[in-house]
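For reference, the structure discussed in these notes is given below.
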Amino acid sequence: MASIVRINYIRVSVIMLVSLIIASAWLVFPYFIQGKQVLSGVGSEARMTKAGHVSMYLTRYLVDHPKLELTATFATGEFFQYVDQASTIGNLRPDRNFIFFVSENIHAGQLAFDLPEVALHLGDKVYKPDVSIGPNLAEHHRISVYSIPRRDSSGQPIDLEMYDNIRLFVSNYYLDSDEKLTFIARWDAPYSLPDELKSRTDITPVAVLALGAGLLSAVLTPCLLQLVVIFGSIISSFATIPGESGAGAVQLTPHIRRKVMQIALAFVFGFTLLYTLAGALIGYVGHTAQLVFAEHSRMVAIVSGVVVIMMGIWVGIRGTRNFACKIPDQKAMRASDNRDILGSLLVSMGYA
426 MASIVRINYI
436 RVSVIMLVSL
446 IIASAWLVFP
456 YFIQGKQVLS
466 GVGSEARMTK
476 AGHVSMYLTR
486 YLVDHPKLEL
496 TATFATGEFF
506 QYVDQASTIG
516 NLRPDRNFIF
526 FVSENIHAGQ
536 LAFDLPEVAL
546 HLGDKVYKPD
556 VSIGPNLAEH
566 HRISVYSIPR
576 RDSSGQPIDL
586 EMYDNIRLFV
596 SNYYLDSDEK
606 LTFIARWDAP
616 YSLPDELKSR
626 TDITPVAVLA
636 LGAGLLSAVL
646 TPCLLQLVVI
656 FGSIISSFAT
666 IPGESGAGAV
676 QLTPHIRRKV
686 MQIALAFVFG
696 FTLLYTLAGA
706 LIGYVGHTAQ
716 LVFAEHSRMV
726 AIVSGVVVIM
736 MGIWVGIRGT
746 RNFACKIPDQ
756 KAMRASDNRD
766 ILGSLLVSMG
776 YA
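Every number in the working numbering is 425 more than the matching position in the sequence shown, counting from 1.
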């Protein structure tokens, strides 16, 4: 006589209702308490203030005249941590180049057509940029970007700590001059940010509110719905050990309960481990990890997609029900519980 599986429809309905409320809350939340403004705007002022202080510390005024304002900014790796985005970092690569920003501002007339000429002086050595980026046709304001390799012509790395100061020579036609005028910006060692700029003493109630809003947004995003769906699929597909029959119904044995619990914990541990390791890695290596992720993010996405597809095929093979297109060799794939746990771990990391 075939076994009958009893379904508690009330419990299933309650679970579905709760899941629907959680999944849709990310849409309802902003309209009731203006959560959208909270999540997007809170804490931005503190970040902008920190970025402004870092930028001012690394910027030098070459000319401060009513007719001309000329500044140069030494954009170190620490500068990009506070001021700019990962996409810009990936293009400029401050880990491989010395990056300088030159800003020109005049209130009358027009800037010279050509970009300023710059040269980095380290002691008696002079280094020229291999990349200069900026608009030629600029009327009153222009910002130019210069990239100077961190290795000399012989391939040896350039160590700034060997020099007491670095000087950037900036030349162009300024102040109605018929010849190029040269101005010098100077930075003294050490070239890293001071501890007061790198400290986190700027944590305020606003920052705490931003942290709480970030945690709340993580719970109320559509990503949660995706993880719930995948989690349910993993649990139902990997629970392949038959139970004991009694009184016409299939009962869950302690072995099945233990296996389902192991798979569930492995799934949660998978994406938790991924985010924890990623956060620890970024916190440890700082801007270097940001550069690597910015440069190789597409390859990481492709590899994760392949892993998810392969695990999807494996889940199909492990399925206990025969579909219209039956995948053979189901019995051979039911041998190991450990592979179930490992599969759950990999799938959760792939979707995370």
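Backbone N, C-alpha and C define an ideal beta-carbon position, used for all residues, glycine too.
Own chain residues within Cβ distance below 7 Å of residue i, not counting five before or after
| i | result |
| --- | --- |
| residue 548 | 588 |
| residue 501 | 483, 519, 616 |
| residue 594 | 543, 544, 546, 607, 609 |
| residue 585 | 591, 616 |
Beta-carbon proximity list for residue i, same chain, < 6 Å, skipping 5 on both sides
| i | result |
| --- | --- |
| residue 483 | 498, 499, 504 |
| residue 614 | 589 |
| residue 671 | For residue 671, the pLDDT reaches just 48, beneath the cut-off of 50, and the residue's location in the model is therefore unreliable, leaving the point undetermined. |
| residue 761 | Here the model assigns residue 761 a pLDDT of 46, short of 50, so the residue's position is not dependable and the matter cannot be decided. |
| residue 749 | Caution is warranted here: a pLDDT of 44 is assigned to residue 749, below 50, making its placement in the model unreliable, and the coordinate value is therefore given only provisionally. Once the five neighbours on either side are set aside, residue 749 has no close Cβ partner at all. |
Sub-8 Å separation of residue i and residue j beta-carbons
| i | j | result |
| --- | --- | --- |
| residue 522 | residue 573 | yes |
| residue 560 | residue 571 | no |
| residue 490 | residue 532 | no |
| residue 583 | residue 592 | no |
Beta-bridge pairing of residue i - partner residues as DSSP gives them
| i | result |
| --- | --- |
| residue 572 | 524, 556 |
| residue 594 | 544, 609 |
| residue 529 | 495, 567 |
| residue 500 | 524 |
| residue 582 | 576 |
| residue 486 | 496 |
| residue 551 | 546 |
Nearest-angstrom Cβ-Cβ length linking residue i and residue j, presumed shorter than 8 Å
| i | j | result |
| --- | --- | --- |
| residue 507 | residue 475 | 6 Å |
| residue 600 | residue 702 | The pair is not a contact, with the Cβ atoms about 55 Å apart (cut-off 8 Å). |
Residues near residue i in its chain [Cβ-Cβ closer than 8 Å; skip 5 each side]
| i | result |
| --- | --- |
| residue 551 | 544, 545 |
| residue 541 | 527, 529, 569, 595, 596, 597 |
| residue 436 | none |
| residue 562 | 538 |
| residue 604 | 598 |
| residue 579 | none |
| residue 757 | Here residue 757 scores only 44 on pLDDT, less than 50, and its place in the model is too uncertain to base an answer on. |
| residue 438 | none |
| residue 446 | none |
Option in the options with minimal Cα separation from residue i
| i | options | result |
| --- | --- | --- |
| residue 621 | 479, 702, 610 | 479 |
| residue 612 | 691, 739, 496 | 496 |
| residue 485 | 492, 525, 516 | 525 |
| residue 537 | 517, 556, 516, 568 | 568 |
| residue 516 | 477, 685, 600, 557 | 557 |
| residue 488 | 527, 477, 439 | 527 |
| residue 619 | 481, 437, 438 | 481 |
| residue 477 | 623, 602, 441 | 623 |
| residue 602 | 585, 535, 691, 580 | 535 |
Heavy atom of the ligand ATP within 7 Å of residue i beta-carbon
| i | result |
| --- | --- |
| residue 481 | The ligand ATP is absent from the structure shown, which contains no ligand whatsoever. |
Cutoff 8 Å: residue i Cβ touching any chain E Cβ
| i | result |
| --- | --- |
| residue 613 | The displayed structure is made up of one protein chain only, and chain E is not part of it. |
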